[in-house]
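Trainee: First residue of the sequence shown: 1, per UniProt numbering; consecutive thereafter. Backbone N, C-alpha and C fix where the C-beta goes; we use that ideal spot for every residue, glycine too. Structure below; questions to follow.
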Amino acid sequence: MGDHGPNVGEHRFSHETIALEERNPMFYLSLPKDLRKDENVIVKNLKQNKNKLISHYDLYATIIDIAESVGAEIPLDTVVRISNFIKELKKYIK
Numbered sequence: 001m002g003d004h005g006p007n008v009g010e011h012r013f014s015h016e017t018i019a020l021e022e023r024n025p026m027f028y029l030s031l032p033k034d035l036r037k038d039e040n041v042i043v044k045n046l047k048q049n050k051n052k053l054i055s056h057y058d059l060y061a062t063i064i065d066i067a068e069s070v071g072a073e074i075p076l077d078t079v080v081r082i083s084n085f086i087k088e089l090k091k092y093i094k
């Protein structure tokens, strides 16, 4: 069960993030055990990026990076190099 906050009435646009969150589903990520053994750079970056806005493109790039980090061979024509949230995300929205 998830709570996406107030979703009716004019008050839902009283803060800029509410309008953004209304159109984005909740997202949970569980890393493979080998990648979360200790406080490595991936875990550090995920914690740092946990409240930043991401897109489905970022999710795709993240899944590709995780797969490559455990030895998967990804064909170059399927790889899209966009920001992914296991790396440090830059702030684009003020």
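#1: Quick check on Ala61: buried or exposed, where buried means 16 or more other Cβ atoms within 10 Å of its Cβ?
#2: Could you check where the alpha helix (DSSP H) with Ile63 kicks off and where it finishes?
#3: Suppose you measure from the CA of Tyr92 to the CA of Leu59; what does that come to, to the nearest Å?
#4: State the CB to CB distance for the pair Ile42 and Leu53, rounded to an integer number of angstroms; the pair is presumed to be in contact (CB under 8 Å).
Mentor: By the coordinates alone:
#1: Along the sequence shown, one-based indexing puts residue 61 at 61. By the neighbour-count rule (16 or more Cβ atoms within 10 Å), Ala61 is buried.
#2: In the sequence shown, residue 63 corresponds to position 63, counting from 1. Ile63: member of the alpha helix (DSSP H) spanning 56-69, first to last residue.
#3: Reading the sequence shown from its first residue, position 92 is the one you call residue 92. Reading the sequence shown from its first residue, position 59 is the one you call residue 59. The predicted position of Tyr92 is uncertain, since its pLDDT is 45 and thus under 50; no value can be drawn from it.
#4: Indexing the sequence shown from 1 puts residue 42 at position 42. Indexing the sequence shown from 1 puts residue 53 at position 53. In fact, because the Cβ distance is near 20 Å, the residues do not count as touching under 8 Å.
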